[in-house]
Amino acid sequence: MSLSVAVVGAGIVGLSTAINVQTLISGVKVTIIADSFGRDTTTPVSPGLFLPIPSNLNMDQVLASEWLIDGWEHHYQMAKSPEGEISGQTFLSGHCLWSKPMEHGDYIIPKLVQDYKPLSDKEIQTMSHHKFGARFTTVAVDMGKYLPWRMKEFRSRGGNLISDIVYSLQELYGKYDIVVNCTGVRAREVVNDPGLMQVKAHALQVSKQWKKEFLIMDNDIFILPQ
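Position 18 of the sequence shown, counting from 1, maps to 18 under the UniProt record's numbering, and the rest follow consecutively.
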């Protein structure tokens, strides 16, 4: 009997998780259950930029670096392939600014991205009050293109979709061998954990045709050209 897996949530995390399960487990039957799909999720309005900075969430830095290397190789190869434009993955240059020097684990950044160049004090002062910075080229992802492209891949691998609201993971008990929670903003309700807090960003779209490069600052402010 084939293993059955349910992924709750159809944003980029849920969709990528579902495809990884399909890739890693032979003969698995994967179903995505969500109340929103495609442009109705929060993913399409989210900016996508591969910024290889290790996690600060008490995660093993060696493992984090391995994930970053794998992730970079995937997006880099896609961006330079014929499918890059179709999938919304392209190369983009810009600046990243820091208030403090890079920590040891952050030194993976120059090793992965292209054309890495530290900024001089004079260059930084023209942009911000930050003390450290660099210019480099990385991969930008247009989520409006990337999500449909990934959905097409999921369906081509035999994936199923169910449009429904899951109020609790307990509802799926006994229906699937494995249930993966990728609900995002509704996670607190679905797992009945009041300790979970939503982390939201505010995105503003402005018309600046001359802006062709990204600008990232370590206070979570960023500018990405569309």
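Virtual Cβ for every residue (Gly too), placed ideally from N, Cα, C.
Span of the alpha helix (DSSP H) holding residue i?
i, result
"Thr17", "12 to 24"
"Ser168", "Ser168 -> no alpha helix (DSSP H), and no H or E assigned at all."
"His129", "First-last for His129: undefined, no H or E at that position."
"Asp164", "Neither: Asp164 is in no alpha helix (DSSP H) and is coded neither H nor E."
"residue 233", "Outside the modelled stretch of the chain, which goes from 1 to 226, sits residue 233, for which no answer is possible."
"Pro110", "108 to 112"
Could you spell out the range, first to last residue, of the beta strand (DSSP E) harbouring residue i?
i, result
"Arg135", "132 to 141"
"Leu215", "214 to 217"
Considering Cα atoms alone, identify which of the options is closest to residue i.
i, options, result
"Asp35", "Ile165, Ile69, Phe91", "Ile165"
"Pro101", "Gly94, Pro118, Gln89", "Pro118"
"Leu3", "Cys182, Tyr176, Ile216", "Tyr176"
"Val139", "Gly158, Asp70, Thr90", "Thr90"
"Ser99", "Lys29, Lys122, Leu147, Ser128", "Ser128"
"Lys152", "Phe136, Val191, Ile19, Ala64", "Ile19"
"Ile25", "Ala187, Lys111, Gly158", "Gly158"
"Leu147", "Cys182, Val8, Gly14, Val21", "Gly14"
"Tyr116", "Lys131, Glu123, Ile124, Gly94", "Gly94"
"Leu63", "Phe136, Cys182, Ile108", "Ile108"
"Ser16", "Phe214, Val185, Arg150, Ile216", "Arg150"
"Ile178", "Ala10, Val28, Pro82", "Val28"
"Phe132", "Val180, Asp218, Cys182", "Asp218"
"Thr31", "Ile223, Arg155, Met78", "Arg155"
Based on the DSSP secondary-structure assignment, which residues constitute the bridge partners of residue i?
i, result
"Asn181", "Val8"
"Lys117", "Arg135"
"Val30", "Val5"
"Leu97", "Gly133, Met217"
According to DSSP, simplified to helix, strand and coil, what is residue i?
i, result
"Phe91", "strand"
"Val199", "coil"
"Val190", "helix"
"Phe154", "helix"
"Gly71", "helix"
"Gly38", "helix"
"Leu147", "helix"
"Leu224", "coil"
"Leu49", "strand"
"Tyr176", "coil"
"Phe102", "Correcting the residue identity first, residue 102 is Met in this sequence and not Phe. Residue state, collapsed to three classes: coil."
"Lys122", "helix"
"Met59", "coil"
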